[in-house]
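Residue numbers (the numbering used here): 39 to 435.
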């Protein structure tokens, strides 16, 4: 049986719950409730499932009347004793409360301390955490000053003291690629045997995949600009490189216009998958007796897949179809040319869902889309064709 403990040397050892929950103590006392002000010193802590927090810390008091249950008292609310199933608990280790940059440093890592750590860091405005070499990003749904306003991109992001960050992943991939091109062992912590590096960004709707992808691309183009400046490129070649880099960044507004929509979970949800291939050209930098190895962006290819086409004609009442349709209606000239009403509710494909979203500026989105079309090299006739297709869909519905 589990009894109140007077020794601080008490420790909790958990095996499979079907076998046992064991508390090892150096001294035993009679069973009975402990005063709230001394419970922390008398009882071991465990994790228990909680409705709001997911998991919460609690003091383990004793076994329940049912052998498959235990009686606990939550650390944050010690006034009430609760009976919980052993299946809804997990062992606690002091490392679970440490402010770690890499959760793989925890002892007995499991869901409870991981979720608790992410919650504590989120509340402190720290949204990045490592699990070994994997970066967890928690969408803050707010602007965090200085998070991406760092200095020039570069190898300082690989310094041991650098906290978890999205740019560390991008820098590591770039450095590993350079190491592999030179045939030397990587110092960036990745595989140096492959010149091809891949960064996989995944998560549920609203997790921040689109924003993370855009930030990665901007960082890599920044590295390419640095390499171009140190590579001694001629004026025409430098202009060509800058054009490729700008087009890679400017492609995002166009892709988001025709592939993103408002859902219940996310006002700017990508309704398609995207594979971005960035091709680098290697060269040696100039201006030094031992020029460094550099790589600049030579080209890029963007593929999309699994576009949610049914969203064009049907969606729930609290959602919208793709942004491009609403952006088109913001242009009086285009609507007049295509014979369209600018009233969202007059189009049967658009009327059932939301018409406006406070966080989405359709007029600004139209300007960004037009600028992206021009930046990518589309002429006036091709731009008109894009709007013709959107208009034709609205005429059908």
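Note that the Cβ used here is the ideal one computed from N, Cα and C, for glycine as well. Only a predicted model underlies this, so the values are computations on that prediction, with no experimental measurement involved.
Hey, residue i and residue j are a contact pair by Cβ (cut 8 Å); roughly how many whole angstroms apart?
| i | j | result |
| --- | --- | --- |
| residue 368 | residue 401 | 5 Å |
| residue 113 | residue 130 | Rounded, the Cβ-Cβ distance is 10 Å, inconsistent with contact. |
| residue 311 | residue 365 | With a Cβ gap of about 22 Å, residue 311 and residue 365 do not count as contacting. |
| residue 215 | residue 235 | 5 Å |
| residue 434 | residue 378 | Actually they are not in contact, since the Cβ atoms of residue 434 and residue 378 sit about 12 Å apart, beyond 8 Å. |
| residue 362 | residue 428 | 6 Å |
Cutting at 6 Å between CB atoms, please list the residues of its own chain near residue i, excluding the five before and the five after it.
| i | result |
| --- | --- |
| residue 313 | 341 |
| residue 393 | 382 |
| residue 358 | 299, 300, 391, 392 |
| residue 58 | Per-residue confidence for residue 58 stands at a pLDDT of 36, beneath the threshold of 50, marking its modelled position as unreliable; no derived number is given. |
| residue 119 | 109, 111 |
| residue 136 | none |
| residue 346 | 309 |
| residue 153 | 92, 93 |
| residue 410 | 288, 291, 292 |
| residue 74 | With a pLDDT of only 48 at residue 74, under 50, the local geometry of the prediction cannot be trusted, and the value read off the model is given with reservation. Closer than 6 Å at the Cβ level, and outside the excluded window around residue 74, lie 116. |
| residue 205 | 195, 257 |
| residue 302 | 356 |
| residue 406 | 291 |
| residue 150 | 85, 93, 128 |
| residue 53 | Note that residue 53 scores a pLDDT of 35, beneath 50, so its modelled location is shaky; the value from the coordinates is reported in the next line. Counting only Cβ-Cβ distances below 6 Å, and skipping sequence neighbours, we find nothing. |
| residue 184 | none |
| residue 133 | 144, 145 |
| residue 254 | 208 |
Name, in chain order, the residues that DSSP records as bridge partners for residue i.
| i | result |
| --- | --- |
| residue 128 | 85 |
| residue 337 | 317 |
| residue 332 | 321 |
| residue 310 | None; residue 310 has no bridge partner. |
| residue 97 | 83, 111 |
| residue 120 | 110 |
| residue 427 | According to DSSP, which records beta bridges pairwise, residue 427 is partnered with nothing at all. |
| residue 92 | 88 |
| residue 174 | 167 |
| residue 299 | 307, 360 |
| residue 342 | 312 |
| residue 252 | None; residue 252 has no bridge partner. |
Counting only the same chain and skipping the five closest in sequence on each side, list residues whose C-beta sits under 8 Å from that of residue i.
| i | result |
| --- | --- |
| residue 72 | In this predicted model, residue 72 has a pLDDT of only 47, less than 50, meaning its place in the structure is not dependable enough to derive any value. |
| residue 225 | Caution is warranted here: a pLDDT of 49 is assigned to residue 225, below 50, making its placement in the model unreliable, and no coordinate value can be reported. |
| residue 140 | 167, 168, 169, 170, 202 |
| residue 315 | 338, 339, 340, 341 |
| residue 387 | 350, 351, 359, 363, 431, 432, 434, 435 |
| residue 83 | 50, 95, 96, 97, 98, 113, 130 |
| residue 200 | 194, 206 |
| residue 389 | 382, 383 |
| residue 420 | 411 |
Inspect the beta-carbon positions of residue i and residue j and report whether they are closer than 8 Å.
| i | j | result |
| --- | --- | --- |
| residue 170 | residue 213 | no |
| residue 290 | residue 247 | no |
| residue 355 | residue 391 | yes |
| residue 91 | residue 158 | no |
| residue 245 | residue 177 | yes |
| residue 266 | residue 279 | yes |
| residue 317 | residue 295 | no |
| residue 191 | residue 264 | yes |
| residue 438 | residue 360 | This structure leaves residue 438 out entirely; the chain is present only between 39 and 435. |
| residue 416 | residue 376 | no |
| residue 175 | residue 182 | no |
| residue 304 | residue 384 | no |
I want to check one thing, is the minimum distance from the CB of residue i to the heavy atoms of the ligand HEM below 7 Å?
| i | result |
| --- | --- |
| residue 308 | Among the ligands in the structure shown, none appear at all, so the ligand HEM cannot be discussed. |
Just to confirm my understanding: we take residue i, look at its own chain, exclude 5 residues before and 5 after, and list those with CB closer than 7 Å. What are they?
| i | result |
| --- | --- |
| residue 207 | 173, 237 |
| residue 413 | 284, 285, 288 |
| residue 122 | 86, 107, 108, 110 |
| residue 380 | 367, 370, 373 |
| residue 331 | 216, 219, 220, 320, 322 |
| residue 146 | 129, 131 |
| residue 261 | 191, 212 |
| residue 102 | 108, 109, 121 |
| residue 397 | 305 |
| residue 148 | 128 |
| residue 126 | 86, 87 |
Answer yes or no: does any C-beta atom of chain D fall closer than 8 Å to that of residue i?
| i | result |
| --- | --- |
| residue 383 | In the displayed structure, chain D is absent; only one protein chain is listed. |
* Please confirm if the stretch 344-353 is in contact with the stretch 250-257, defined as three or more CB-CB distances below 8 Å between the two stretches. => no
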